[in-house]
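Chains as they are written, first to last, in our numbering: chain Z, 88 to 283; chain D, 88 to 283.
For every residue, glycine included, the Cβ atom is placed at its ideal position computed from N, Cα and C.
As the structure is a prediction and not an experimental result, all values here were calculated from the model.
To keep things clear, I will list the structure first and then write my remarks on it.
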DNA sequence: CTCAGTTTTCAGATATTCCTGAAAATAGAG
DNA sequence: CTCTATTTTCAGGAATATCTGAAAACTGAG
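Here is the structure:
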């Protein structure tokens, strides 16, 4: 591996992590090299830095592109293809989550829905269905939450994440305000006027 | 595989998913069978239902136990070991996230911190560090958020997740209330009295 | 202690995934 | 069109991961 020590350490670790997250080691390493690169790299740059075969790089890049994790950028006066990762790390995470959702969560949800539609043939299947129902509800809750959160501007997102569970305390404040004696009952937050 | 069709479909899908999340297929299947089982199962039950070797079951259970994902439950009048998954699916997810954090996120954070302490030897390393800094900050933000959220009671958690980005609107309400003209300036939510 | 039932270990067999070099395909310049 | 630079494909070899049966280790009853 032809990289400065600091870079090599990162690339090796990232490759290892990749392999625990369902991506093969080399693909993780390719991504890592692109992530920390100062400028767009071409396939041969990756061959040189990682010491792997040209065809391996080609396959790795193809996989990363299918995940929308790397972008192909033209470089003036050079026929070769150059690749980069987005500068904005938040957009990287959004992409990653969206892709995994599309490939793993969505098919799982439809599998669960399908099995929940079936009429259970016996007590065993009936009990299984009740477990699947719990799982289905939880995944729906999480994905609905994410779909909602994902729309926020990065700044608002950071603000929200920084608050963490303190939001729960704000909920209490809200409850006290909108649940005044003699009031019209509990209002949903979306019914409050919105300065957008 | 010796399971009713509905169960088998779930177990197969879950095993497949497991293999995309860094767990081997069989371990995923063992977990799936336990998850939908009506009662605690012993190793031989798993051998029969999955049609795999006794030793494979033993290794799979050992791995699941090391993740705290299955519990060993004694059954009266039976010397064999019986296994279950927790009934509460929320506690399952908490365990899963905590374990992955411990095994993957924490080591990554310390790797990043270590590399950020080093003095960059050249422009390339310097640029790499600035990228690693972004990554480190993002992971810290996310883990701090999770650490905070994780403490909530399940009910509150569900309430919070259900709100999704509507929370952002509550923030605006809060801002309007606490930023009244002539007020004492912005207060943090944690400084409000807490009923609880 | 001995013994039968049960679980764990682990070397080797099997299966899967990954990587490579060679050849084919593609694309732009002239 | 031809020629060259570049990328992609893919069969087969290399490396990993997974699975099994046999043997060892453990455990509680008697």
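Asked, Found
"Touch test, the segment 112–124 of chain Z against the segment 208–221 of chain D, Cβ-Cβ under 8 Å, three pairs minimum", "yes"
"C-beta contact flag for residue 247 of chain D and residue 255 of chain Z at 8 Å", "yes"
"Cβ-based contacts, 8 Å cut-off: residues of the segment 209–228 of chain D near chain Z", "209, 210, 211, 212, 214, 215, 216, 218, 219, 221, 222, 225 and 228"
"Meets three-Cβ-pair contact criterion under 8 Å: the segment 193–210 of chain D and the segment 112–121 of chain Z", "no"
"For residue 241 of chain D and residue 163 of chain D, the rounded distance between their alpha carbons", "32 Å"
"For residue 162 of chain Z, the first and last residue of its enclosing alpha helix (DSSP H)", "That residue, residue 162 of chain Z, is in no alpha helix (DSSP H); its beta strand (DSSP E) goes 158–162."
"Supposed close pair residue 138 of chain Z, residue 104 of chain Z - CB separation, criterion 8 Å", "Not really, about 20 Å apart at Cβ, beyond 8 Å."
"Cβ contact (3+ pairs, closer than 8 Å) linking the segment 181–189 of chain Z and the segment 143–161 of chain Z", "yes"
"Range of the contiguous alpha helix (DSSP H) that encloses residue 165 of chain Z", "Counting along the chain, residue 165 of chain Z falls outside any alpha helix (DSSP H), though it belongs to the beta strand (DSSP E) covering 165–171."
"Extent of the continuous alpha helix (DSSP H) to which residue 58 of chain Z belongs", "Given that chain Z is displayed from residue 88 to residue 283, the structure contains no residue 58 of chain Z and the question cannot be resolved."
"Pairwise C-alpha distance: residue 119 of chain D and residue 102 of chain D", "8 Å"
"The segment 239–259 of chain Z: positions lying closer than 8 Å to chain D by Cβ", "239, 243, 245, 246, 247, 248, 249, 250, 251, 252, 253, 254, 255, 256, 257, 258 and 259"
"Spatially closest choice to residue 177 of chain Z from D/229, D/131, D/237 and D/233, by CA coordinates", "D/229"
"Cβ-based burial, residue 172 of chain Z [other Cβ within 10 Å; buried from 16]", "buried"
"Outcome for residue 136 of chain Z when other beta-carbon atoms lying within 10 angstroms are tallied against a minimum of 16", "buried"
"Residue burial classification, residue 174 of chain Z (beta-carbon count within 10 angstroms, cutoff 16)", "exposed"
"Beta-carbon neighbours of residue 205 of chain D, restricted to chain Z and to distances below 8 Å", "93"
"Residue 202 of chain Z and residue 97 of chain D closer than 8 Å at C-beta", "yes"
"Residue 210 of chain D to residue 219 of chain D span [Cα, whole Å]", "14 Å"
"Given residue 90 of chain D as reference, the closest of D/226, D/263 and D/134 once Cα atoms are compared", "D/134"
"Local conformation of residue 281 of chain D per DSSP, three classes", "Any reading at residue 281 of chain D is ruled out, since the residue's pLDDT is 41, under 50, leaving its predicted position unreliable."
"Beta carbon proximity, residue 169 of chain D to chain Z, threshold 8 Å", "no"
"Per DSSP, the bridge partner or partners of residue 129 of chain Z", "Z/169"
"Same chain only: Cβ atoms within 8 Å of residue 140 of chain D, ignoring 5 sequence neighbours per side", "134"
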